[in-house]
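Once you know that position 112 of the sequence shown is 111 in numbering that gives the first Met the number 0, the rest is easy, because the numbers rise by one and skip nothing.
Note that beta-carbon positions come from the ideal geometry of N, C-alpha and C, so glycine has one too.
All of these numbers come straight from a predicted model, not from anything done at the bench.
Below: one structure, written as structure tokens.
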Amino acid sequence: MGILTPSAATFADPFDQFNLRILKLENRLQRERVARLKAEEIAEKGLRDLYEKQQQLALLETIATAANQSNSIDDTMRFALDAICQHTGWGFGNVYLPSATIPDYLVPAGVWHAANPAHLDAFISLTLETDFAIGEGLPGRVYQSGKPVWISDLTLDRNFPRTVVAALSGCCAAFAFPVLVGNDVLGVLEFFHHSTVSPDNQFLGVLAQIGTQLGRVVERRRAEQKLMHDATHDPLTGLPNRLLLTDRLERAVATHLRRPDIGFAVIFIDLDRFKLVNDSLGHSAGDILLQEIAHRFSQTLIESGHKLAVGEATLARLGGDEFIILLEDVQRSSIAVDIAQSLQDSLQNPLFIDGQELYSSASIGVASSEAGYTCAPDIMRDADLAMYRAKAEGRARVEIFDQSLHVDARRRLTLESELRNALKKKEFVLHYQPIISLGSRAMTGFEALVRWQKSDGQIIPPSDFIPLAEETGLIVFIGSWVLEQSLKTLARWQQEFPRAEPLSMSVNVSPRQFHQTEFVEQVINAVTASGVPPQTLRLEITESVTIQNAQHAVGILQRLREFGVRVSIDDFGTGYSSLSYLHQLPFDTLKIDRSFVSALQSRSDGGQIVQTILDLAKNLNLDVVAEGTESEDHVKILHQMGCGYAQGYFFSRPLNETAVVEMLSAKDTAVEALPPLLANG
Numbered sequence: 000m001g002i003l004t005p006s007a008a009t010f011a012d013p014f015d016q017f018n019l020r021i022l023k024l025e026n027r028l029q030r031e032r033v034a035r036l037k038a039e040e041i042a043e044k045g046l047r048d049l050y051e052k053q054q055q056l057a058l059l060e061t062i063a064t065a066a067n068q069s070n071s072i073d074d075t076m077r078f079a080l081d082a083i084c085q086h087t088g089w090g091f092g093n094v095y096l097p098s099a100t101i102p103d104y105l106v107p108a109g110v111w112h113a114a115n116p117a118h119l120d121a122f123i124s125l126t127l128e129t130d131f132a133i134g135e136g137l138p139g140r141v142y143q144s145g146k147p148v149w150i151s152d153l154t155l156d157r158n159f160p161r162t163v164v165a166a167l168s169g170c171c172a173a174f175a176f177p178v179l180v181g182n183d184v185l186g187v188l189e190f191f192h193h194s195t196v197s198p199d200n201q202f203l204g205v206l207a208q209i210g211t212q213l214g215r216v217v218e219r220r221r222a223e224q225k226l227m228h229d230a231t232h233d234p235l236t237g238l239p240n241r242l243l244l245t246d247r248l249e250r251a252v253a254t255h256l257r258r259p260d261i262g263f264a265v266i267f268i269d270l271d272r273f274k275l276v277n278d279s280l281g282h283s284a285g286d287i288l289l290q291e292i293a294h295r296f297s298q299t300l301i302e303s304g305h306k307l308a309v310g311e312a313t314l315a316r317l318g319g320d321e322f323i324i325l326l327e328d329v330q331r332s333s334i335a336v337d338i339a340q341s342l343q344d345s346l347q348n349p350l351f352i353d354g355q356e357l358y359s360s361a362s363i364g365v366a367s368s369e370a371g372y373t374c375a376p377d378i379m380r381d382a383d384l385a386m387y388r389a390k391a392e393g394r395a396r397v398e399i400f401d402q403s404l405h406v407d408a409r410r411r412l413t414l415e416s417e418l419r420n421a422l423k424k425k426e427f428v429l430h431y432q433p434i435i436s437l438g439s440r441a442m443t444g445f446e447a448l449v450r451w452q453k454s455d456g457q458i459i460p461p462s463d464f465i466p467l468a469e470e471t472g473l474i475v476f477i478g479s480w481v482l483e484q485s486l487k488t489l490a491r492w493q494q495e496f497p498r499a500e501p502l503s504m505s506v507n508v509s510p511r512q513f514h515q516t517e518f519v520e521q522v523i524n525a526v527t528a529s530g531v532p533p534q535t536l537r538l539e540i541t542e543s544v545t546i547q548n549a550q551h552a553v554g555i556l557q558r559l560r561e562f563g564v565r566v567s568i569d570d571f572g573t574g575y576s577s578l579s580y581l582h583q584l585p586f587d588t589l590k591i592d593r594s595f596v597s598a599l600q601s602r603s604d605g606g607q608i609v610q611t612i613l614d615l616a617k618n619l620n621l622d623v624v625a626e627g628t629e630s631e632d633h634v635k636i637l638h639q640m641g642c643g644y645a646q647g648y649f650f651s652r653p654l655n656e657t658a659v660v661e662m663l664s665a666k667d668t669a670v671e672a673l674p675p676l677l678a679n680g
């Protein structure tokens, strides 16, 4: 019979086995409960994370949508602050922008949000008054790194200058993120909480995306603003252009119509002889001159506006050398005149450009609302007319518009129309003024002078239609006709009145005509068609033509000289002298202007000027013709000084073709033999 051990008996006991099974089941249930709780915890956290992520994505989408629909950077930033504060429950948000004047500095944008600003009043006030250098404080660190920064406890942060006021206001934690375009920080948004808060890296990632989205809005808006600015401002001076000026002028007119007591005025400015600066010193110097003058005008307007109590002044550049000023809320036109004179005075001091001392002046026209304008173009037109009167009256002056200018403008418009028809109707005729050798008193040639004789017999003076023909470009056609017609006439005279030294013909050439692409070919064709020797044609051009483009002028004159045509400088010494180019330009003759001849007896320095010109011509081996000789004394003095030729009323007025033929038909063509009327007419 076997023996039963205690352990065997214990395990063999059914009751003990049951308890053991229960124990195992309890352990298993406990493990399953722990696992289930763990799974529930993970699931709950996952749901929370998913929900939070969805909320953050919703925040990003909300801000992006609002940003894309907004036309204002401030409104976009304000909406972003509000949305982020509501999403996070953080109490205060603020925006910093880079300083427009101090590099590497952030300044408050004045855009902020606070759920309860009363409790944060001291901190908000300090924040809105504080600038930050790059790397300084929370905004400065974000500005420097271009990345979000989170501060869990402001009291522990050594680079937070606002710590004391933040603590007193109950601000404990903060975060900030940059508004980015590429790597450029265009702004910083910062937020504050009343408790310490641990960093949320996932949320910082969302904030970085929000910063990028806001950056795109800022970039787009700035591009739009730049396009708008470029469309309404002059690129050279930065001043408003015609578009912006017209818009403001229309506003001023509308205001005046509603409130007649609120007057306005327009000042139209055209710089005198500006083209000469461009032609002589180059366009870059001209640009610098315009910028300097724009600056002077701006400063003068500020000073005068304060003194004369002008409501608002807009200085605009219309283009070229034209400026215009709109004065709003002015009580009387005399204020505009005073300001115009101040602008003129501002040009008294010299300007220094590329080491060159330059003086400038302006022709200025003024028109005011006192004339009862109802639209912007009318007052601009009248101010322009007044400016043209100032220019016509001698420049460097101020003129006020009056109704007589309208009459002149209408007459000018009618004259232009008639001038165009005159070409078709062949109303132009030529008169010829003899050129006399002071040594032999014999005629050597003539200057062809165009006259406009209308069908009713009325003679229009050259001074009335030549400037208009220049302005409209009709001078090119008139000049071409004069050249061809005068050469045909010269050919007949040379054939009918042969002499050892053939008669010559001087023909004026306008700047427009001279710079025509086919000018040289036109001259050659006209000479060839007429059959006259090329050397008997003398083209007269002004000094200004030679310095507008010296290289181009040299090329044209060289080709004319190779063909045989001679060239004179007309009205020598009256403009900005081309002495620096004179030695290289192929001229044959200098014509002394009548103003110097008339001053021979009336001014002490008159003879000195003429003698200087004669000495210069002698050194350069040039002939000299004196214009405007009106007395025997003029003739004697000029001859004694060594002047070779002259023309003027003492010898003869300009004559028609018939009178010239009668003169040439005389046996002796010396001046003493001329009929008294022709010789002294």
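DSSP, read as helix, strand or coil, puts L502 in coil. Close CB contacts of A284 within its chain, under the 8 Å cut and outside five residues either way in sequence, are with V276, N277, I352, D353, Q355 (chain order).
If you look at P116, you'll find it isn't in any beta strand (DSSP E); DSSP assigns it neither H nor E.
Here A499 is exposed. Its C-beta has fewer than 16 other C-beta atoms within 10 Å. About 5 Å separates the beta carbon of A375 from that of E249, a gap short enough to meet the 8 Å contact definition. The secondary-structure analysis by DSSP pairs R565 across a beta bridge with R537. Here I434 carries a strand assignment [DSSP, helix/strand/coil]. Going by C-alpha positions, T628 is about 5 Å away from G647.
Q347 and G304 have their C-alpha atoms some 20 Å from each other. Q452 carries a strand assignment under DSSP once its states are collapsed to helix, strand and coil.
The shortest C-alpha to C-alpha distance from E561 to any of E520, A114, F595 is the one to E520. Between P239 and I540, the alpha-carbon positions lie close to 39 Å from each other. The beta carbon of Q208 sits closer than 8 Å to those of L59, all from its chain and outside the five residues before and after it, given in chain order. The region 324–334 makes no contact with the region 279–294: fewer than 3 CB pairs, one atom from each, lie closer than 8 Å. Under the three-state reduction of DSSP, A99 is assigned to coil, being neither helix nor strand.
Taking C-beta atoms as the reference points, T211 and L256 fail to come closer than 7 Å.
Every alpha helix (DSSP H) of 4 residues or more that sits fully in the region 483–527 is shown, in chain order, as 510–513. Going by beta carbons, P585 and H430 fall outside the 7 Å limit. Taking C-alpha positions only, V449 is separated from L556 by approximately 24 Å.
As computed with DSSP, A645 is found in a beta bridge with I435, A625. By the beta-carbon neighbour count (other beta carbons within 10 angstroms, threshold 16), I458 is exposed.
Between the alpha carbons of L80 and I123 lies a gap of roughly 14 Å. Taking all protein chains in view, the Cβ of Q493 is crowded by 16 or more other Cβ atoms within 10 Å, so the residue is classified as buried. With a cutoff of 7 Å on beta-carbon distance, I568 and I591 are scored as not near each other. DSSP places S367 inside the beta strand (DSSP E), whose first and last residues are 361–367. Per DSSP, the continuous beta strand (DSSP E) segment holding D269 begins and ends at 262–270. By alpha-carbon distance to G237, the top candidate from E311, F176, F159, L317 is L317.
Just so you know, the alpha carbons of L621 and R565 end up roughly 11 Å apart.
For L482, the CB contacts under 6 Å within the same chain, skipping 5 residues up- and downstream, are V506, A525 in chain order. If you draw a straight line from the Cα of R247 to the Cα of V217, it is about 27 Å long. For S509, the number of other beta carbons within 10 angstroms of its own is at least 16, and it is reported as buried. Only residues of its own chain outside the window of five on either side were considered, and among them none has a CB closer than 6 Å to the CB of R20.
In this structure, V397 and V336 form a Cβ contact; the two beta carbons are roughly 6 Å apart against a cut-off of 8 Å. Within the same chain, and ignoring the five residues on either side of L203 in sequence, the residues whose Cβ sits closer than 6 Å to its Cβ are P147. In the three-state reduction of the DSSP assignment, E415 falls in the helix class. Secondary structure of G318 (DSSP, three-state): strand.
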